[in-house]
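Encoded as structure tokens, the structure appears first; notes follow it.
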Amino acid sequence: ETARVTVVQIAGVLARRIVCRVGPGDKLAAGERFGMIRFGSRTDCVMPRGSDVRVRVGDRVTGGVTVLGVLA
């Protein structure tokens, strides 16, 4: 089953170190790493309406480990 999830990586004022290995529209498997933000900053993740979100604003997450949510 597939669902569209939008991820936006936002660099901070001081730490502008974003690594992204995919482009818009690329398809990824669950748990697949696609990039990282070095030295903190912010990542926004938009899931389909009705998804069961498992993290909250400010939580620390680890790529490929932390479950962000279960998609609707």
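Residue 14 is where the sequence shown starts when you use our numbering, and the numbers rise one by one after that.
Yeah, the Cβ is synthetic: ideal placement off N, Cα and C, and Gly gets one too.
Computed from a predicted model, the values in this text were never measured in an experiment.
What separation, rounded to the nearest whole angstrom, lies between the Cα atoms of residue i and residue j?
i	j	result
Ile31	Gln22	7 angstroms
Val80	Ala24	22 angstroms
Phe103	Arg34	Here the chain covers residues 14 to 85 and nothing more, so residue 103 does not appear.
Val18	Val26	26 angstroms
Val38	Glu45	In the sequence under discussion, the amino acid at residue 38 is Gly, which differs from the Val named in the question. Distance between the alpha carbons of Gly38 and Glu45: 15 angstroms.
Gly36	Val20	11 angstroms
Gly77	Arg51	16 angstroms
Determine the DSSP secondary structure at residue i, reduced to helix, strand or coil.
i	result
Met49	strand
Asp57	strand
Asp65	strand
Gly82	strand
Thr75	coil
Thr19	strand
Val32	strand
Assuming the contact rule is C-beta atoms closer than 8 angstroms, residue i and residue j should be a hit. Round their C-beta distance to whole Å, please.
i	j	result
Ser88	Leu84	This structure leaves residue 88 out entirely; the chain is present only between 14 and 85.
Val66	Met60	7 angstroms
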